[in-house]
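Protein chains in written order, with this note's numbering: chain A, 0 to 367; chain B, 436 to 728.
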Ligand SMILES: Nc1ncnc2c1ncn2[C@@H]1O[C@H](COP(=O)(O)OP(=O)(O)OP(=O)(O)O)[C@@H](O)[C@H]1O
Ligand SMILES: [Mg+2]
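Here it is as structure tokens:
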């Protein structure tokens with residue numbers, strides 16, 4: 000069990016910096032998910048913690064001890080790799096027990112431990128097979144078992160589920176969480192799948208282009224995204240964005256075509272005159288007869304999701320999506336009214352992309 | 436993908452002809468010739484060859500000089516292969532670790548393979564000459580210690596070193612490619628599991644290199660039987676006292692110097708069968724044990 004402290008950590012490859020001064024405090028037993036698009040530097044950050052990549056600047060501490068200059072195995076971390084990285088020439092049992100073998104544990108003890116760990120992830124029948132003779136899900140379990148058996152202080156996962164099919168992914172995701180609840184090792188899990196991140200994390204770290212955009216509980220990040228980037232990245236279907244200018248009287252955001260989205264008076268007052276990006280999740284919009292909503296938009300097409308439909312409208316040169324379970328009468332090319340739930344509007348500074356806050360209102364992020 | 440085929444068979448024939456001609460001229464024709472000679476004997480006073488069945492083979496196999504040559508060939512095969520494989524593997528491991536300057540080194544390593552065997556032989560003949568260069572210096576310090584012209588073991592060592600040196604480059608390329616095709620993440624997983632460099636090499640890299648290793652081994656052993664002629668010819672001419680009279684060299688010697696075509700032909704048939712058998716046995720029985728899927 001260990002806490003991890005990442006202080007002003009940077010990473011450069013041949014003069015191009017890919018991680019720009021990251022700070023992160025992970026407390027003991029916490030499950031952290033680092034979420035971000037491809038190439039944002041998540042793996043690089045994780046590999047620096049693991050000791051597989053040198054740290055260009057800054058300090059990484061595990062259990063309050065700087066580990067920058069320690070070898071990977073001296074850091075007490077275990078890692079589950081994206082492609083599992085199982086030793087193809089060893090049996091499942093040998094794969095799982097390799098770390099113990101290297102550590103010089105006697106054969107008998109090793110065998111006992113291997114079989115108990117294998118049993119805990121449901122691998123007992125496969126101990127004599129080679130990785131090549133296993134399915135993707137089984138390989139994934141071997142990789143997990145190999146990490147678990149070391150009883151590491153820290154678990155590191157680099158997109159361990161991305162090679163599995165959708166169903167197995169969900170299943171393994173739940174299994175990982177179950178294992179975590181049992182052994183409570185500090186865990187850092189890297190993924191670009193926001194749903195995976197939301198469901199697994201105690202706290203979510205959203206990264207973009209080598210910087211952390213936001214750290215928070217999944218719920219907070221969802222309800223109070225700190226920037227346009229986070230707002231657009233988290234949540235499915237993705238958030239709609241409109242641009243407009245905030246006015247205090249009437250308290251509203253004025254859209255380009257003169258229509259307005261009503262805002263709470265104190266929010267509008269706090270940012271009078273500001274150019275803003277207005278973010279609204281598809282589920283916070285509803286379809287009403289033309290002229291009776293916040294603004295009118297032309298219906299384009301709908302996507303069936305089973306429990307609801309996603310209706311796509313054209314507004315100016317933008318697309319606005321509305322998630323609706325009741326079936327409004329719409330026709331392609333015909334304008335409809337779009338109604339905005341006032342307290343569900345997210346405002347972002349059009350210039351900086353940062354969230355616009357107003358004191359004492361529902362838009363304020365919940366303190367972590 | 437659609438298969439391209441030719442309506443006119445003669446175009447196809449024309450296209451494969453060069454290959455067929457080469458294979459025919461340089462393999463089937465000489466092999467047929469050798470077979471002919473191996474089973475016949477030229478009459479002492481002219482008048483063509485007479486069929487003698489296996490007499491030529493019996494004569495060879497009853498000849499202790501031939502068995503001595505086989506023994507010498509085996510010593511050479513084991514010696515040069517061990518040395519060439521060991522050296523190449525060591526060098527490839529260093530190159531794979533990407534110590535600084537490894538790119539230059541990698542290219543530099545390739546060249547020896549492009550040198551013809553007799554040239555290698557000549558170069559090493561100078562290097563190992565007892566009366567010149569570094570060996571002269573050694574001989575001055577310890578008189579009479581190095582003289583491959585008289586000492587058969589030294590001659591063999593010299594030939595082995597030259598043969599291995601030429602083969603190292605070829606092996607190196609395969610080993611380096613083999614090492615570099617091992618996924619980095621496996622080595623990283625090993626590092627996370629606590630294995631240090633040498634341990635990872637032993638437990639992960641070398642086992643995964645086994646298929647390459649096996650392939651290189653087969654090629655080296657067969658090459659050492661057939662490709663050693665140029666080196667022996669320029670360095671020792673089979674001597675001293677037949678200490679380096681390898682099978683290929685003996686064929687040449689008996690055939691073109693001793694003018695015993697039938698004996699030489701029979702020997703070359705035996706050598707060919709030996710190489711075929713070696714390759715077959717190795718691929719058939721050993722290869723199975725070194726593949727992972
Ligand atoms: N060895 C390297 N040399 C140079 N640049 C590198 C190296 N490794 C990674 N990078 C660069 O660093 C950036 C971050 O890479 P990283 O692997 O951390 O991304 P990631 O967030 O894990 O993406 P993905 O989701 O695709 O795995 C990328 O732009 C990548 O091109
Ligand atoms: Mg990655």
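Here a beta-carbon is modelled for each residue, glycine too, at the ideal position from N, C-alpha and C.
Query	Result
Contacts of residue 101 of chain A in chain B (Cβ-Cβ under 9 Å)	625, 628, 629, 630, 631, 634, 638
Chain-ordered residues of the stretch 515–530 of chain B with a beta carbon less than 9 Å from chain A	none
Endpoints, alpha helix (DSSP H) assigned at residue 705 of chain B	696–716
Residues that DSSP places opposite residue 311 of chain A in a beta bridge	A:300, A:320
Status (buried if at least 16 other CB within 10 Å, exposed otherwise) for residue 77 of chain A	buried
Closest Cα partner of residue 244 of chain A within the set A:302, A:257, A:272	A:272
Nearest-angstrom Cα separation, counted from residue 132 of chain A out to residue 92 of chain A	13 Å
Complete beta strand (DSSP E) runs within the stretch 34–83 of chain A (minimum length 3 residues, chain order)	56–61, 76–79
Touching by the beta-carbon criterion (3+ pairs, under 8 Å), the stretch 679–690 of chain B and the stretch 651–671 of chain B	yes
Three-state secondary structure assigned by DSSP to residue 16 of chain A	strand
Near-chain B residues of the stretch 66–80 of chain A (beta-carbon distance less than 8 Å), N- to C-terminal order	70, 71, 72, 76, 77, 78, 80
Meets three-Cβ-pair contact criterion under 8 Å: the stretch 16–31 of chain A and the stretch 196–209 of chain A	yes
Neighbouring residues, chain E, relative to residue 82 of chain A (Cβ below 9 Å)	Absent from the structure: chain E. Protein chains present are A and B.
For residue 347 of chain A, three-class secondary structure by DSSP	strand
Given 8 Å, three or more beta-carbon pairs between the stretch 589–607 of chain B and the stretch 539–550 of chain B	yes
Which of helix, strand or coil DSSP assigns to residue 585 of chain B	coil
Simplified DSSP assignment, three categories, for residue 450 of chain B	helix
Nearest neighbour of residue 636 of chain B, chosen from B:663, B:676, B:524 [CA to CA]	B:524
Beta-carbon gap between residue 4 of chain A and residue 81 of chain A smaller than 8 Å	no
Classification of residue 579 of chain B by the beta-carbon crowding that lies within 10 angstroms, buried from 16 upward	exposed
Contact list for residue 310 of chain A against chain B, beta-carbon separation under 7 Å	In chain order: nothing, as chain B lies at least about 44 Å away.
DSSP state of residue 336 of chain A mapped onto helix, strand, coil	strand
DSSP three-state assignment for residue 550 of chain B, whether helix, strand or coil	coil
Collapsed DSSP secondary structure at residue 203 of chain A in the structure displayed	strand
Beta-bridge partners of residue 243 of chain A, as assigned by DSSP	A:254, A:275
Classification of residue 544 of chain B by the beta-carbon crowding that lies within 10 angstroms, buried from 16 upward	buried
Exposure of residue 532 of chain B, with buried meaning 16 or more beta-carbon neighbours within 10 Å	exposed
Contacts that residue 97 of chain A makes with chain B (C-beta to C-beta distance below 7 Å)	628
Closer than 8 Å at the beta carbon, the chain B residues around residue 51 of chain A	623, 626, 627
Length at least 3, wholly inside the stretch 168–193 of chain A: the beta strand (DSSP E) runs in chain order	185–190
Residue 305 of chain A, buried or exposed, once every other Cβ within 10 Å from all chains shown has been counted against 16	exposed
Beta carbon of residue 710 of chain B nearer than 8 Å to that of residue 661 of chain B	yes
Cβ-based burial, residue 715 of chain B [other Cβ within 10 Å; buried from 16]	exposed
Cβ neighbours of residue 472 of chain B in the same chain (closer than 7 Å, five flanking residues each side left out)	696, 697, 700
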